[in-house]
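Report on the structure given below.
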Amino acid sequence: MGVKLLLDKANVPGIRTYEVYRREGGYRAVEKALKEMTTDAIVEEVKKSGLRGRGGAGFPTGMKWSFIAKPEGVPRHLVCNADESEPGTFKDRYLMEFLPHLLIEGLIISSFALGSNDTYIYIRGEYAWIPDILEEAINEAKAAGWLGKNILGTGFDCNIHVQRGGGAYICGEETALIESLEGKRGNPRIKPPFPAIQGLWMRPTVVNNVETLAAIVPIINMGGDEYAKIGVGKSTGTKLISACGNINNPGVYEIDMTITVEEFIYSDEYCGGIKDGKKLKACIPGGSSVPILPANLLLTTAKGEPRYMNYESLSDGGFATGSMLGSGGFIVLDEDQCIVKNTYTLARFYRHESCGQCSPCREGTGWMEKILQKIETGKGEMSDIDLLWDIQRKIEGNTICPLGDAASWPVAAAIRHFRDEFEWHVKNPELSQTSNFGLQHYADPIHVPA
Amino acid sequence: MATIFNDTQMTEFKRLVARYPEGKQKSALLPALHLAQESFGGWLSTESLDYVASLLQIEPIEVYEVATFYSMYNLKPVGKFVFEVCQTGPCMVSGSDNIIDYIKKTLDIKPGETTKDGLFTLKLVECLGACGYAPMMQVGKIYKEHLTKEKVDSIIADYRAQAANN
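If you're matching them up, the sequences are chains F and R in order. If you count the first sequence from 1, position 101 lands on 100 in numbering that gives the first Met the number 0, and the numbers rise without skipping. If you count the second sequence from 1, position 84 lands on 83 in numbering that gives the first Met the number 0, and the numbers rise without skipping.
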């Protein structure tokens, strides 16, 4: 059993209510932070913890906080990014649904540290039942004196508001989220200025992911140094992984980033192996945007070392032979899955979600979708594969926000590692409609459970 | 259907606007559109959009550009129950194609269409964040997960019964 800092109380009956959460030691971190610590000391603890943003980019949270501008007389805001929309990712939903007070507690401490009197949770519109859960938790916390005016006699006022989005993946990008929170289309802003200088209503703003803010609670309780001892290297603390696809036990798991990918997939404590006794073909380990890896490169690095479930190990080898931990959306594909079709559905997703602001992304995502559909339906030509490669190269790095990169990487990695499967589709237009390429030559190095 | 909030809806609208600082009432636009859609029969007519603009004291175009950008706002009439079935990667590898085909066949409609009795609309949507519980669909505020053909049958039967009782 690994260390659990976020989900350790998840199975306590009634933990969703204030009464039980408090009885189990909840809100101790708020007491400690507000009564015993200065705002600078809180930021310092977060820096020491080594916590990295859990939304996908992995930027050090303490550093992000230290960038916030503090001009005289201008309000500052903390915004919680609950727009969880990266395919394969459903960990924030779990936290908000089952441990709402953990998020609220983290938000109060973080709001205090940043000086945010009005803090907003921007939640994806489709999670339509969760705002009620969060608002109930907010009301309970307010009634108990943890929110509102002059919290714990410190003179600090704080209110938390929940806003639903309207259904747009792009609003997970922090400047698009801010635009959306201002009642506009989710078009990302050109940076600089960064939100820390001019964010929500052009005021200094920090946007953090749900899991990042929840992790503030154990960091304050145990101290940044102790938190940093968990994990390995720059992958400190614990990470929530949402596992899905063709596995026996899909769900949300908290890991301490020292376990191997093999253990995560095959151990009964986690994914419990591949469903129906099939073989592992490929995996997208960090949400749909990160490079897909064939089984052999997933389980071991190109150097032949075991691969671990952490930021460094999953990206070992760069994009040539590695991937990313990303948001922790772990998508497993078994031997029956078609890489062309999977890539096509992801390309369709990115075309649908492109905001349309930058031409390379707006046009390129549409082209990639059409070409992939052509290959998938048996109408592809060999030159289409090179054309796909060419298009994704022209999107990557040429857009205002990272959606362009996010759309390019899955296509690039699929061609890089599974080019023969694309070619097989082109050469076998009829057969590819009724059967699958399967494992073919990948079968050799693929792990077969004992 | 009248495009004016009743007292309860207006109270909720005022609660939404009160979350934002003075002069930043436009921020309430997305939640206000959700409220309007729920209040005015599940979709937003031009009249509804203009009404929201007038309440927030912004130009109608500011509302149109938002309503057309986000996927959750229906700009034409929909059935009483909208089946929004996820078709993205993780759901696809878990068999969403079969579920979509089954719903199409059972309700005899194509994506984007509504059944003749006005009860059901089928929409194909992109990832809803329920990948571990796939295949799945959203109906109103609720997620229906781990879908099988049998489960789809019973969901449809339940909604038919619910509609018959109203």
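We put the CB at the ideal spot given by N, CA and C, even for glycine.
Residues are counted here when their Cβ sits less than 9 Å from a Cβ of chain F; for the segment 137-160 of chain R these are Q137, G139, K140, I141 and Y142, given in chain order.
In this structure A127(F) touches R163(F) by the C-beta definition: roughly 7 Å separates them, less than 8 Å. Taking a contact as a CB-CB distance under 8 Å, the pair G128(R) and E125(F) counts as one, their CB atoms being some 7 Å apart.
Look at M221(F) here: in three-state DSSP terms it is helix. Interface with chain F (9 Å Cβ-Cβ cutoff): Y50(R) is excluded. Leaving aside the five residues that flank L180(F) on each side, the residues in its chain whose CB is nearer than 8 Å to its CB run, in chain order, V78, Y119, Y121, Q162 and L199. Here the C-alpha atom of H100(F) lies approximately 22 Å from the C-alpha atom of I141(R). In this structure, the CA atom of Y168(F) is about 22 Å from the CA atom of R392(F). A distance of 9 Å or more separates the beta carbons of A81(F) and R75(F). Here the C-alpha atom of K148(F) lies approximately 13 Å from the C-alpha atom of S110(F).
Membership of N138(F) in the alpha helix (DSSP H) is indicated by the continuous run I129 to A142. Three or more beta-carbon pairs separated by less than 8 Å are not found between the segment 273-280 of chain F and the segment 117-128 of chain R, which leaves the two stretches without contact. By the neighbour-count criterion, in which a residue is buried when 16 or more other Cβ atoms sit within 10 angstroms of its Cβ, M91(R) is buried. Going by beta carbons, M221(F) and L4(F) fall inside the 9 Å limit.
At a Cβ-Cβ threshold of 9 Å, A133(R) and G94(R) count as neighbours. Taking a contact to require three or more Cβ pairs closer than 8 Å, the segment 226-243 of chain F and the segment 319-330 of chain F qualify as touching. The Cβ atoms of G49(F) and G223(F) lie closer than 9 Å to each other. Beta-bridge analysis with DSSP links S241(F) to V251(F) and G328(F).
Here A140(F) is near I103(F), since their CB atoms are less than 9 Å apart.
Comparing alpha carbon positions, the residue from N309(F), P86(F) and K228(F) closest to G131(R) is P86(F). Look at Y20(F) here: in three-state DSSP terms it is helix. At a cut-off of 9 Å between beta-carbon atoms, K23(R) makes contact with chain F.
Contact between E253(F) and T237(F) holds, with the beta-carbon distance rounding to 5 Å and staying under 8 Å. Between the alpha carbons of P187(F) and A1(R) lies a gap of roughly 36 Å. When secondary structure is reduced to three states using DSSP, V206(F) falls in the strand class. Pairwise C-beta distances place the segment 14-31 of chain F out of contact with the segment 205-212 of chain F, as fewer than three of them are shorter than 8 Å. Not a single unbroken stretch of the beta strand (DSSP E) spanning 3 or more residues falls wholly within the segment 19-67 of chain F.
Sorting T37(F), K369(F), E304(F) and V11(F) by C-alpha distance to the C-alpha of G114(F) places T37(F) at the top. Closest in C-alpha terms to P191(F), from the list L438(F), W423(F), S431(F) and C400(F), comes C400(F). Interface residue (Cβ-Cβ distance to chain R less than 9 Å): H100(F) is not classified as such.
Interface residue (Cβ-Cβ distance to chain R less than 9 Å): P74(F) is classified as such. Separation of P20(R) and I229(F) (C-alpha to C-alpha, rounded to the nearest whole angstrom) is 41 Å.
Taking a Cβ-Cβ threshold of 9 Å, the residues of chain F close to Y69(R) are G124, G164, G165, G166, A167, C170, S179, R184 and G185, in chain order. For I374(F), same chain residues with a beta-carbon under 7 Å away, outside a window of 5 residues either side, are V339, D383, F421, H424 and V425 in chain order. Residue burial annotation: E368(F) is buried, with at least 16 other C-beta atoms found within 10 angstroms of its C-beta. Looking at G57(F), I129(F) and F155(F), the one whose alpha-carbon comes closest to that of L33(F) is F155(F).
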